[in-house]
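The sequence shown runs 41 to 232 under our numbering. Written below as structure tokens is the structure these notes are about.
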Amino acid sequence: MKDQSSHITTEQIWRELSDRLRQFVSSRVNSAADVDDILQSVFLRIHQKIEDLHQIERLEAWVFQITRNAVIDHFRKKRDVPNDDLAQNAVAEMKSVENLNTEVAGCLTALIHHLPEDQQRAVSLYELEGISQKEIAERESIYLSGAKSRVQRGRKTLEIMLKECCQFQFDRQGNILKCKAEGNPSCDTGDC
């Protein structure tokens, strides 16, 4: 998420991260109603604490930490046990999974700069700045289908580049459990 000013709003965070947060919570909580309740709690906490965030580059990690805590709180309330082993295990598992996802996201950001210029602009605008594909089409003076195509081609190229650089092991939800650099000389992102 790119900071265009020194202030970010809860609404911007919602637009950028709500789908990923919903998927994250849904992979851990079965009830759709509980997922909605947890997300509501998360965004209330974000709204109340946004002024406490001093490092905007840590925003995503901060938001996911709030979300992890909300999921754990949900299970604690449901079981009515303040320090149960399930919650402790969930904390350890979620921290390790999210840390690897965030690390690989850093690799992706570096790899974006190796994309062809049109794909680089489209992917950067869409994935990093949260600009809609419709707005990308307007900015680039191309059709919407062209903007969508550039984003899709850029994503596919990034996937290929990542697979050439690193070996990945995923869990059932698609989270990265292990990442090992291949030592490919064309990969200049270092260790994953």
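Every residue, glycine too, gets a C-beta built ideally from N, C-alpha and C.
In this structure, Leu-140 sits away from Cys-205, with a CB-CB distance that is not shorter than 8 Å. Between the C-alpha atoms of Asp-158 and Trp-102 there is a straight-line separation of about 32 Å. At least 8 Å separates the beta-carbon of Gly-214 from that of Ala-162. Within its own chain, no residue has a Cβ closer than 7 Å to the Cβ of Gln-192 once the five positions on either side in sequence are excluded. Annotated as proximal: Phe-208 and Ile-216, with beta-carbon spacing under 8 Å.
Within the same chain, Cβ atoms closer than 8 Å to the Cβ of Ser-164 are found at Ile-152, the five residues on either side in sequence being excluded. In the displayed model, Leu-168 falls within a helix according to three-state DSSP. The residues Leu-168, in chain order, have a CB closer than 8 Å to that of Thr-149 in the same chain once the five nearest residues on each side in sequence are set aside. Inter-residue distance for Leu-93 and Glu-51 is about 16 Å (C-alpha atoms, whole angstroms).
With 16 or more other Cβ atoms from the protein chains shown falling within 10 Å of its own Cβ, Tyr-166 counts as buried. With contacts defined as CB atoms closer than 8 Å, Val-69 and Ile-106 fail to qualify as a contacting pair. The secondary-structure analysis by DSSP pairs Phe-104 with nothing; it has no beta-bridge partner.
Contact check for Leu-84 against Val-65 fails: the beta carbons are separated by 8 Å or more. When DSSP states are grouped into helix, strand and coil, Gln-213 belongs to the coil group. Counting every other CB atom within 10 Å of its CB across the protein chains shown gives Ala-187 a total of 16 or more, marking it as buried.
Residue burial annotation: Arg-190 is buried, with at least 16 other C-beta atoms found within 10 angstroms of its C-beta. Remark: C-beta atoms of Ile-86 and Ile-53 approach each other more closely than 8 Å. As computed with DSSP, Phe-115 is found in no beta bridge at all.
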